[in-house]
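Heads up: the structure comes next, in structure tokens.
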Amino acid sequence: MFSEIVDFIRSLYDVEESIILHKPVFFGNEKKYLTECVDSSYVSYVGKFVDQFEQMIVEYTGVKYAIAVVNGTAALQIALKVAGVTDNDEVITQALSFIATANAIRHCNASPVFIDIDKETIGMSPESLIDFLSKNTKQINGRCINIHSKRVISGCVPVHVFGHPCRIDEIVEICNKFNIRVVEDAAESLGSFFDSKHTGTFGKLGILSFNGNKTITTGGGGMIITNDKELALKSKHLTTTAKKPHKWEFEHDDLGYNYRMPNINASIGVAQLENIESIIRDKKDTASKYKNFFDNTPIRFICEPERSNSNYWLNSIVFKDREDREKFLEFSNEKGVMCRPVWKLIPMQKIYSSCLTHNIDNAKWLADRIVNLPSGVKINKS
Ligand SMILES: *Cc1c(COP(=O)(O)O)cnc(C)c1O
């Protein structure tokens, strides 16, 4: 069985060397815009590509405002901050995600509270959320207070894991009821929609990442997206050193950050985004091939959940137990096919081990069994 899987992956990618999880592809105008950017000398803070890239994200996702920043982690930190997360607050998130989700919460001097995921979507479980909130919180002056720690729960960060939309409508509804602001971690889900609406546009704010392994890349980069004008202006202000607009004077009215995406990165982003449709078509094609293959096996291939349209950023399968999973990882990596276990659960990481963790049985179960499969774009016209 293991060798059939590895042979199948080899047949998908048709390369001699080892097959990695993701590899960015550049088959559009990347070099042209990069050259144009260098020739213009506007490689840094200002330049037309940053504005153009933001505008293209606005059009593609259907959101009103987009603010380009240096990476997804910085985007999440600032999104949380403008959403009202302050020192000593608690922010609910899911136990299974990339570490950056929790790091951004900590960067706001707040503490993450880890809850469970849904076995179906791999994203935050609305059942776990309501269970945690109804047992552990009360409302005081329109704020959600943790009755044990007495701290304010100001934010909630659901993640669209592997690009698959979570049950974001239910999560937003619950959080609205409890006066908690939702900031969506859509770092992996550019091109994924829930009820035909782009992920990252349901909460107060959302964030995207353009790291090298993501759906499209700017080398390193991120984006804050929101429909709220005031939060958008605040995000832009904070990420650009909080400088008051003036022709020559340097007056900064807040503790700002140097988080603006450089124009040189945005130039690559514009070229990448021009090809997003074909990139996602390719990813969906890979996913449907994996699905057909695994449908004839006892192994579950993780499919897009109901009501959603996933970008299939990272294809994944679920083994029957940890032992089987470990054996497969040994075998496939030995054969030069890079398969990876899912991230170690965040509350199991040493720096987060003392954080409040609600029942996370589904997350624990899945973390022992998931394998991520090579999911790079097959197109290579360069
Ligand atoms: C990649 C990623 C981030 C962080 O993005 P960077 O651009 O690498 O900082 C945050 N959350 C999730 C779920 C991610 O996959």
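Note that the working numbering has the sequence shown beginning at 364, numbered continuously upward.
Glycine included, C-beta positions come from ideal geometry on N, C-alpha and C.
Everything numeric in this text was worked out from a predicted model, so none of it was measured.
Cβ shell of residue i (< 6 Å), same chain only, five flanking positions each side left out
i, result
"His721", "Ile478 and Phe495"
"Ile627", "Cys400 and Val406"
"Phe408", "Sequence check: residue 408 is Tyr here, not Phe. Hits under 6 Å: Arg623."
"His511", "none"
"Glu417", "Ala429 and Ala431"
"Phe365", "Phe691 and Phe694"
"Val524", "Ile485 and Gly486"
"Cys529", "Thr484, Gly486, Met487, Pro521 and His523"
Residue from the options whose Cα sits closest to the Cα of residue i
i, options, result
"Ala550", "Val413, Thr562 and Val454", "Thr562"
"Lys395", "Arg703, Gly584, Gln635 and Phe371", "Gln635"
"Ile493", "Ala446, Phe541, Arg506 and Asn466", "Phe541"
"Leu443", "Gly699, Ser555 and Arg544", "Arg544"
"Ile468", "Asn626, Ile709 and Glu379", "Ile709"
"Leu677", "Val705, Trp611 and Gly518", "Val705"
"Pro668", "Ser572, Glu483, Ile382 and Pro661", "Glu483"
"Ser716", "Thr589, Thr660 and Val476", "Val476"
"Ser679", "Pro737, Arg685 and Ala437", "Pro737"
"Val546", "His527, Val535 and Gly569", "Gly569"
"Asp724", "Lys597, Thr436 and Ser488", "Ser488"
"Gln415", "Ser403, Ala431 and Gln502", "Ala431"
"Gly699", "Glu380, Lys683, Lys652 and Ile368", "Glu380"
"Phe389", "Asn621, Asn735, Phe557 and Glu637", "Glu637"
"Ser630", "Leu397, Pro387 and Phe682", "Leu397"
"Asp684", "Val734, Met701, Asp481 and Ser374", "Val734"
"Asp450", "Asp402, Gln457 and Gln440", "Gln440"
"Lys652", "Phe613, Trp611, Leu375 and Asp370", "Leu375"
"Asp452", "Ser491, Arg514 and Ser403", "Arg514"
"Glu393", "Thr581, Ala458 and Asp481", "Thr581"
"Glu490", "Ala458, Glu533 and Cys666", "Glu533"
"Asn539", "Ile742, Gln502, Phe557 and Asp548", "Gln502"
beta-carbon residue i near ligand 1 non-hydrogen atom, thresh 8 Å
i, result
"Gly486", "no"
"Lys395", "no"
"Leu568", "no"
"Glu551", "yes"
"Lys444", "no"
"Asp481", "no"
"Phe477", "no"
"Ala463", "yes"
"Thr649", "no"
"Ala437", "yes"
"Lys690", "no"
"Val522", "yes"
"Gly632", "no"
"Lys607", "no"
"Ala473", "no"
"Ser716", "no"
"Ser366", "no"
"Lys577", "yes"
"Gly518", "no"
"Gly584", "yes"
"Asn434", "yes"
"Asn674", "no"
"Glu467", "In the sequence on display, residue 467 carries Ala and not Glu. Yes, Cβ of Ala467 sits closer than 8 Å to a heavy atom of ligand 1."
"Asp377", "no"
"Phe573", "yes"
"Ser460", "yes"
Own chain partners of residue i with C-beta closer than 8 Å, once the 5 adjacent residues on each side are dropped
i, result
"Gly425", "Lys560, His561 and Thr564"
Whole-number beta carbon distance between residue j and residue i, since they are thought to touch under 8 Å
i, j, result
"His385", "Gly739", "5 Å"
"Pro521", "Ile537", "The pair is not a contact, with the Cβ atoms about 10 Å apart (cut-off 8 Å)."
"Asn574", "Gly583", "6 Å"
"Ser671", "Ser555", "7 Å"
7 Å CB neighbourhood of residue i in its chain, flanking five on each side removed
i, result
"Val448", "Val454, Cys471, Ala473, Ser517 and Gly518"
"Val535", "Val545, Phe565 and Gly566"
"Asp616", "Ala605 and Lys607"
"Asn674", "Gly526, Ser552, Leu553, Gly554, Ser555, Thr578, Ile643 and Lys646"
Residue i beta carbon near ligand 3 (any heavy atom closer than 8 Å)
i, result
"Phe416", "Questions concerning ligand 3 fall outside what the structure shown contains, since the ligands it does hold are ligand 1."
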